[in-house]
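All residue numbers for the first sequence refer to this note's numbering, where the first residue is 4 and numbers rise by one.
All C-beta atoms in this analysis are idealised placements derived from N, C-alpha and C, irrespective of residue type, glycine included.
Predicted, not measured: the structure shown is a model, and the values here were computed from it.
In what follows, a single structure is set out as structure tokens and then discussed.
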Amino acid sequence: MVVTRFAPSPTGYLHVGGARTALFCWLMARRHKGKFILRIEDTDQKRNTPTAAQQVINDLRWLGIDWDEGPDPDDLTRSIGPHGPYLQSRRRNIYDKYLQKLLDLGKAYYCFDTPEELQNLRQKAQTHKKTFLYPRPDKFPDAEDLEKARADGRPIAVRFAMPCREIVIDDVVRGRVTFAAGEFGDFIIRKSDGFPTYHFACVVDDELMQVTHVIRGQEHLMNTPLHQALQQALGFRIPVYAHMSVTVSEGGGKLSKRERANTFLQFIKNNTHRINLNALARTGHLTPSELDAFLNGQSAPDGPLITAMAEHLGVHLPEINLIDFLHSGYLPEALINFLALLGWNPGDNREIMTKDELIAAFDLERLIKANSLFDRQKLIAFNTEHMRLVEPIKLLDHFKNYLRAHDSPLAQADDAILAQLLKACAGARTLADVENKCKFIFIDKIEFDPKAVIKVLKKPDAPDLLAQSRTALAQLHPWNENSIRQAIEMLCKKNNVGLGKVAQPLRVALTGTAVSPPIADSLVLLGKQKTLKRIDAALQFLKHEEYGD
RNA sequence: GGCCCCGUCGUCUAGCCAGGUCCAGGACACAGGGUUUUCAUCCCUGCAACACGGGUUCGAAUCCCGUCGGGGUCACCA
Numbered sequence: 004m005v006v007t008r009f010a011p012s013p014t015g016y017l018h019v020g021g022a023r024t025a026l027f028c029w030l031m032a033r034r035h036k037g038k039f040i041l042r043i044e045d046t047d048q049k050r051n052t053p054t055a056a057q058q059v060i061n062d063l064r065w066l067g068i069d070w071d072e073g074p075d076p077d078d079l080t081r082s083i084g085p086h087g088p089y090l091q092s093r094r095r096n097i098y099d100k101y102l103q104k105l106l107d108l109g110k111a112y113y114c115f116d117t118p119e120e121l122q123n124l125r126q127k128a129q130t131h132k133k134t135f136l137y138p139r140p141d142k143f144p145d146a147e148d149l150e151k152a153r154a155d156g157r158p159i160a161v162r163f164a165m166p167c168r169e170i171v172i173d174d175v176v177r178g179r180v181t182f183a184a185g186e187f188g189d190f191i192i193r194k195s196d197g198f199p200t201y202h203f204a205c206v207v208d209d210e211l212m213q214v215t216h217v218i219r220g221q222e223h224l225m226n227t228p229l230h231q232a233l234q235q236a237l238g239f240r241i242p243v244y245a246h247m248s249v250t251v252s253e254g255g256g257k258l259s260k261r262e263r264a265n266t267f268l269q270f271i272k273n274n275t276h277r278i279n280l281n282a283l284a285r286t287g288h289l290t291p292s293e294l295d296a297f298l299n300g301q302s303a304p305d306g307p308l309i310t311a312m313a314e315h316l317g318v319h320l321p322e323i324n325l326i327d328f329l330h331s332g333y334l335p336e337a338l339i340n341f342l343a344l345l346g347w348n349p350g351d352n353r354e355i356m357t358k359d360e361l362i363a364a365f366d367l368e369r370l371i372k373a374n375s376l377f378d379r380q381k382l383i384a385f386n387t388e389h390m391r392l393v394e395p396i397k398l399l400d401h402f403k404n405y406l407r408a409h410d411s412p413l414a415q416a417d418d419a420i421l422a423q424l425l426k427a428c429a430g431a432r433t434l435a436d437v438e439n440k441c442k443f444i445f446i447d448k449i450e451f452d453p454k455a456v457i458k459v460l461k462k463p464d465a466p467d468l469l470a471q472s473r474t475a476l477a478q479l480h481p482w483n484e485n486s487i488r489q490a491i492e493m494l495c496k497k498n499n500v501g502l503g504k505v506a507q508p509l510r511v512a513l514t515g516t517a518v519s520p521p522i523a524d525s526l527v528l529l530g531k532q533k534t535l536k537r538i539d540a541a542l543q544f545l546k547h548e549e550y551g552d
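Below you can see the structure in the form of structure tokens.
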């Protein structure tokens with residue numbers, strides 16, 4: 004049976020890169036009717052935040068990735084599956100057991116160096132232009148040395164005695180990779196705070212959880228020799244390894260969480276003169292000195308705060324975390340499809356694929372070796388396709404989810420209305436597009452976009468046609484898509500003009516902008532009362548403008 | 001810098017392992033045109049790549065070597 008695992012360290016929101024790794028692991032397990040495990044690697048006390056694990060879990064669920072074993076998504080303290088707990092911080096007794104075994108076998112040893120001492124050793128190696136390898140003592144410290152170190156208050160860590168021999172790893176995507184003997188030094192497997200390091204916990208857990216395929220980013224390739232040595236020392240199986248290519252950002256560098264903060268910072272710097280910093284600090288819940296620190300590049304606020312401030316200023320930031328994509332109105336189906344094709348392809352010309360199709364086609368053999376760039380424009384194209392493809396019920400769910408994540412005026416609408424909006428906006432690229440197009444219906448006071456006014460309302464015949472529309476619509480009964488369309492068409496015929504001549508002034512009168520769903524839909528959605536009122540308001544507005552000129 | 005990985009249109013990629021069917025196929029983007037009451041959608045056409053240099057071979061995008069370029073990694077982070 005195929006068993007894969009995704010093992011994030013909970014340091015914040017789930018990053019697209021991480022999501023891609025999770026997706027490939029999940030796809031592999033589902034393809035082979037195996038198991039997919041979620042394991043939380045929270046062995047770094049300094050970096051973990053209490054809510055981060057839950058956030059990662061929420062993000063994964065939004066994407067539509069589920070796990071057979073792992074923390075209970077509704078209650079992290081509970082486990083699903085026979086190999087729990089799935090939070091590494093709760094497995095310390097297990098690691099200690101294997102650690103003792105290594106110690107007993109003479110394959111690991113205590114060490115008592117302070118950070119400063121290690122730093123010195125490294126420096127020395129660097130001045131001699133040699134790679135730093137920890138100098139293994141001739142004789143491993145014994146119980147007595149341990150006591151003495153403890154008495155002296157020295158940090159007590161444990162190192163693995165790395166065997167000095169050539170190491171060969173077989174990787175599904177890289178092929179056979181060979182490392183010469185002596186490339187790797189003894190590394191720490193238990194930190195002085197008693198927690199295992201990543202290498203150790205990962206190897207032990209992969210064995211105990213019976214993981215068969217380790218699929219991870221290429222950045223782990225250099226870790227694999229260490230893991231393999233550990234597996235051999237402990238008598239563990241060696242799983243199949245697949246080191247995927249990395250996804251890089253459009254800027255050239257790696258897709259980094261800092262990118263959003265940097266983009267935002269750059270925007271502020273370029274527009275200092277027209278930004279009210281006090282108001283900005285308020286929306287970002289920052290003190291003036293915190294904002295100052297951010298502007299000086301000393302620190303960066305949390306993701307959600309950046310998002311709030313960017314929204315406040317109307318700046319679009321590159322999406323990096325999964326939650327950013329939710330906020331921008333992307334569909335998880337589209338993101339999955341897009342991510343799957345970053346470094347993998349089904350071997351034919353198919354691109355737009357559903358989750359089931361991806362599962363059926365997935366194959367580790369078809370992973371690409373070369374790094375790829377995250378192309379947002381292509382993502383948008385994928386999203387457009389999936390907006391059309393997703394079942395209406397599901398699309399509605401996604402839309403509500405999106406609306407909840409915002410402070411949208413549309414949140415007050417019920418399901419039936421929302422479904423109508425979605426239908427009227429067929430062809431929209433993102434959920435954000437739908438919201439933008441329809442929010443005029445839920446706003447009491449609309450504002451006229453000057454460009455739309457000049458381009459449409461100020462046209463010579465516009466006020467007259469608008470007034471005629473008002474008269475015709477006022478008499479209209481019943482008020483539905485069909486009747487409205489007929490009324491408008493008749494008006495066009497009567498005046499001998501194209502549909503746009505009548506529809507556009509109406510549109511601007513109702514929405515303040517030149518963008519909305521098809522005109523008849525827009526009128527139905529707005530309702531007769533409000534429609535007439537807004538036409539009156541627009542007519543009024545035009546009169547004042549005339550006097551003003 | 002040491003070690004490791006990678007290198008086909010601007011981008012994602014097919015083709016490479018099993019050399020000829022590839023003057024290199026698809027998609028996104030871009031340019032031009034068309035449909036449409038706005039936006040978006042949709043349709044058509046076009047542009048555009050084997051990093052470079054040596055081999056091997058009758059023949060190389062495909063095999064070998066070198067150069068250059070990009071990325072990763074060198075923690076008591078994961």
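Reference Leu376; option with closest CA among Gly346, Glu388, Asn352 and Phe365:
Within the first sequence, residue 376 is the residue found at index 373, counting from 1. Leu376 has its Cα closest to that of Gly346, out of Gly346, Glu388, Asn352 and Phe365.
For Lys546, which of Pro199, Leu283 and Ala470 has the nearest alpha-carbon?
Position 543 of the first sequence, counting from 1, holds the residue named residue 546. Taking each of Pro199, Leu283 and Ala470 in turn and checking the Cα distance to Lys546, the smallest one comes out for Ala470.
Pro74, enclosing beta strand (DSSP E) - first and last residue
Counting from one through the first sequence, the residue named residue 74 turns up at place 71. Per DSSP, Pro74 belongs to the beta strand (DSSP E) from Gly73 to Asp75.
Does the distance from the CB of Glu72 to the CB of Ile40 come in under 8 Å?
Taking the first sequence and counting its residues from 1, the one referred to as residue 72 is at position 69. Taking the first sequence and counting its residues from 1, the one referred to as residue 40 is at position 37. For Glu72 and Ile40, yes; Cβs fall inside 8 Å.
In angstroms, rounded to a whole number, what distance separates the CA positions of Leu413 and Val217?
Here the question's residue 413 lines up with position 410 in the first sequence. Here the question's residue 217 lines up with position 214 in the first sequence. So the alpha carbons of these two residues sit roughly 44 Å apart.
So Glu484 packs on Asp524, CB below 8 Å; how close in whole Å?
Residue mapping note: residue 484 aligns to position 481 of the first sequence, counting from 1. Residue mapping note: residue 524 aligns to position 521 of the first sequence, counting from 1. About 6 Å separates the two Cβ atoms, so the contact holds.
Could you tell me the alpha carbon to alpha carbon distance between Ala408 and Arg510, rounded to whole angstroms?
Taking the first residue of the first sequence as 1, we reach residue 408 at position 405. Taking the first residue of the first sequence as 1, we reach residue 510 at position 507. When only Cα atoms are considered, Ala408 and Arg510 end up about 28 Å apart.
Going by C-alpha distance, which of Phe402, Ala431 and Cys428 is nearest Asp417?
Position 414 of the first sequence, counted from the start, is the residue given in the question as residue 417. Taking only the C-alpha atoms, the option nearest Asp417 is Phe402.
If contacts are defined as beta-carbon pairs under 8 Å, then Leu149 and Tyr101 qualify, I think. What distance do you get, rounded to the angstrom?
Numbered from 1 along the first sequence, position 146 holds the residue referred to as residue 149. Numbered from 1 along the first sequence, position 98 holds the residue referred to as residue 101. Contact between Leu149 and Tyr101 is absent: CB atoms are separated by about 19 Å, not below the 8 Å threshold.
What are the partner residues of Asn274, as DSSP defines its beta bridges?
By 1-based counting over the first sequence, the position of residue 274 is 271. Paired residues: none, contrary to the question.
Go ahead and pull the three-state DSSP assignment for Gly306.
Start at 1 with the first residue of the first sequence, and residue 306 comes out as number 303. In the displayed model, Gly306 falls within a helix according to three-state DSSP.
Can you tell me where the alpha helix (DSSP H) with Leu258 in it begins and where it stops?
Locating residue 258 in the first sequence gives position 255, where the first residue counts as 1. Segment: none, Leu258 is in no alpha helix (DSSP H) and carries neither H nor E.
Identify whether Leu370 lies in helix, strand or coil by the three-state DSSP scheme.
The residue you call residue 370 lines up with position 367 of the first sequence. Residue state for Leu370 is assigned as strand, using DSSP reduced to three classes.
Limits of the beta strand (DSSP E) - the one that Tyr101 falls within
Here residue 101 refers to the residue found at position 98 when the first sequence is read from its first residue. It is not in any beta strand (DSSP E) - Tyr101 instead sits in the alpha helix (DSSP H) that spans Arg95 to Asp107.
Quick one: using the 10 Å Cβ neighbour count with 16 as the cut-off for buried, is Gln58 buried or exposed?
Your numbering for residue 58 matches position 55 in the first sequence. Looking at its Cβ environment, which holds 16 or more other Cβ atoms inside 10 Å, Gln58 is buried.
For Ala160, which residues in the same chain have their Cβ closer than 7 Å to its Cβ, ignoring the five residues on either side in sequence?
Residue 160 sits at position 157 when you count from the first residue of the first sequence. The answer, listed in chain order, is Cys114, Ile191, Arg193, Lys194 and Ser195.
Within the same chain, show all residues whose beta-carbon is closer than 7 Å to that of Ala465, passing over the 5 residues directly before and after it, in chain order.
Along the first sequence, one-based indexing puts residue 465 at 462. Around Ala465: Val459 and Pro508.
Classify Cys28: buried if its beta carbon has 16 or more other beta carbons within 10 angstroms, exposed otherwise.
The sequence position of residue 28 within the first sequence is 25, counting from 1. Flag for Cys28 reads buried.
CB Ile323 to CB Leu258, shorter than 8 Å?
As a position in the first sequence, residue 323 is number 320, starting the count at 1. As a position in the first sequence, residue 258 is number 255, starting the count at 1. It is a contact, given that the beta carbons lie within the stated cut-off.
Can the beta-carbon of Gln91 be found closer than 8 Å to that of Asp45?
Indexing the first sequence from 1 puts residue 91 at position 88. Indexing the first sequence from 1 puts residue 45 at position 42. Against a cut-off of 8 Å, the Cβ pair of Asp45 and Gln91 comes out as a contact.
Return the bridge partner residues of Trp347 from the DSSP annotation.
Mapped onto the first sequence, residue 347 falls at position 344. Answer by DSSP bridge pairing, in chain order: Leu370.
Taking only three categories from DSSP, how would you classify Leu237?
Sequence index remark: in the first sequence, residue 237 carries index 234 (1-based). Leu237: helix per DSSP, three-state reduction.
What is the DSSP secondary structure of Ala183, counted as helix, strand or coil?
Numbered from 1 along the first sequence, position 180 holds the residue referred to as residue 183. Three-state result, Ala183: coil.
Excluding five sequence neighbours on each side, which residues of the same chain lie with their C-beta closer than 7 Å to the C-beta of Ala512?
The count along the first sequence starts at 1 and reaches residue 512 at position 509. Shown here for Ala512: same chain residues with a beta carbon closer than 7 Å to its own, the five before and five after excluded, namely Leu469, Arg537, Ile538 and Ala541 in chain order.
Measuring alpha carbon to alpha carbon, tell me which of Arg473, His131, Leu529 and Val437 ends up nearest Asp447.
Reading the first sequence from its first residue, position 444 is the one you call residue 447. If we check each option's Cα against that of Asp447, Leu529 comes out closest.
Beta-carbon contacts of Val207 that lie in its chain and below 7 Å, excluding the five residues immediately before and after
Taking the first residue of the first sequence as position 1, residue 207 is located at position 204. Cβ within range, chain order: Ile97, Tyr98 and Tyr101.
Buried/exposed call for Lys440, threshold 16 Cβ in 10 Å
Numbered from 1 along the first sequence, position 437 holds the residue referred to as residue 440. Buried is the label assigned to Lys440, since at least 16 other Cβ atoms lie within 10 Å of its Cβ.
Specify, as a first and last residue, the run of the beta strand (DSSP E) that Asp174 falls within.
Here residue 174 refers to the residue found at position 171 when the first sequence is read from its first residue. Bounds of the beta strand (DSSP E) holding Asp174 are Ile170 to Asp174.
The region 365-383 in contact with the region 230-250 per 3-pair CB rule at 8 Å:
These segments touch.
Buried or exposed for Thr54, going by 16 or more other Cβ atoms inside 10 Å?
Walking along the first sequence from the start, residue 54 turns up at place 51. Residue environment: Thr54 is assigned as exposed (fewer than 16 neighbouring CB atoms within 10 Å of its CB, all protein chains considered).
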